[in-house]
Amino acid sequence: MNNDAINMTWAFDSQFEAAHEAGAQLGALATELGFCEVEIPRIELCVHEAFANAVEHAFGNQPGHRIEVDAIVHRDTLEIRICQFGVPLDAALVAAAPVGFDDLEVPLDAFDCEKRGRGLRIIKVIMDACEVMQSGDRYCLVMRKPLPTHSDRAV
């Protein structure tokens, strides 16, 4: 990653409704960056899931807390950070979350949810990286996705 990155930050209140706006902002950016019509809603979904996790697990579904969404466009990678303040993210939990759904019993029972839901599984399937980063009292779930190559770009 180099210093020629383009950085953008949006600030939101800790409300589930704001997750849609955050996803839409990143969807618009993904469109500008040339992601295809399949990848754009996937990126939006990951932002929505990570944002909803911050609202629920960091702030107990209480409004009035700041959540920042950073987008850093590197030469070949889109990096998205969903950041909460003061409430640590469990890096071990994020690292230990399985990728995919092959280990779950089939058929899935809608009422037999995992303790922490399936948001991290979804993020790890779609994104190339998912990890925790801390700076002071700012805790971020960091997701990365390679930028589309010329042949991958939306037409």
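If you read the sequence shown in full-length UniProt numbering, its first letter stands for residue 1, the second for the next number, and so on. We treat Cβ as the ideally placed atom computed from N, Cα and C, and that holds for glycine.
Spatial neighbours of residue i within its chain, please: C-beta separation below 7 Å, excluding the five flanking residues on both sides.
i, result
"Asn61", "Val55"
"Pro146", "Asp76, Thr77 and Asp128"
"Arg118", "none"
"Cys79", "Looking at the sequence itself, residue 79 is Glu, so the reference to Cys does not match. Answer for Glu79: Ile72, Val142 and Arg144, listed in chain order."
Since residue i and residue j are thought to touch, with beta carbons under 8 Å apart, how far apart are those beta carbons, to the nearest angstrom?
i, j, result
"Ile122", "Leu26", "Ile122 to Leu26, Cβ: 15 Å. No contact."
"Ser14", "Pro63", "6 Å"
"Ile82", "Leu141", "5 Å"
"Ala92", "Lys124", "Going by Cβ atoms, the distance from Ala92 to Lys124 rounds to 15 Å, so no, they are not a contact pair."
"Val94", "Glu68", "Wrong, their Cβ atoms sit about 18 Å apart, outside the cutoff."
Quick one: residues in its chain with C-beta nearer than 8 Å to the C-beta of residue i, no 5 flanking neighbours on either side, listed in chain order?
i, result
"His48", "Ala19, His20, Ala22 and Gly23"
"Pro148", "Leu33, Gly34, Phe35, Cys36, Glu39 and Ala154"
"Asp137", "Phe85 and Gly86"
Cβ atoms of residue j and residue i: under 8 Å apart, would you say?
i, j, result
"Ala50", "Met143", "yes"
"Phe85", "Arg66", "yes"
"Ala129", "Val73", "no"
"Phe12", "Ala52", "no"
Run through DSSP, which three-state label would residue i get?
i, result
"Glu37", "coil"
"Arg42", "helix"
"Arg138", "strand"
"Thr149", "coil"
"Ala71", "strand"
"Phe12", "strand"
"Val132", "strand"
"Leu26", "helix"
"Leu120", "helix"
"Phe59", "coil"
"Leu78", "strand"
Which residues in the same chain as residue i place their Cβ atom closer than 6 Å to its Cβ, once the five residues preceding and following it in sequence are excluded?
i, result
"Asp70", "Thr9 and Arg81"
"Leu29", "Ala71"
"Tyr139", "Gln84, Pro88 and Leu89"
"Phe59", "Ser14 and His65"
"Ile126", "Arg42 and Cys46"
"Asn7", "Ile72"
Quick one: does the C-beta of residue i sit closer than 7 Å to a heavy atom of the ligand ZN?
i, result
"Thr31", "This structure simply doesn't include the ligand ZN, nor any ligand for that matter."
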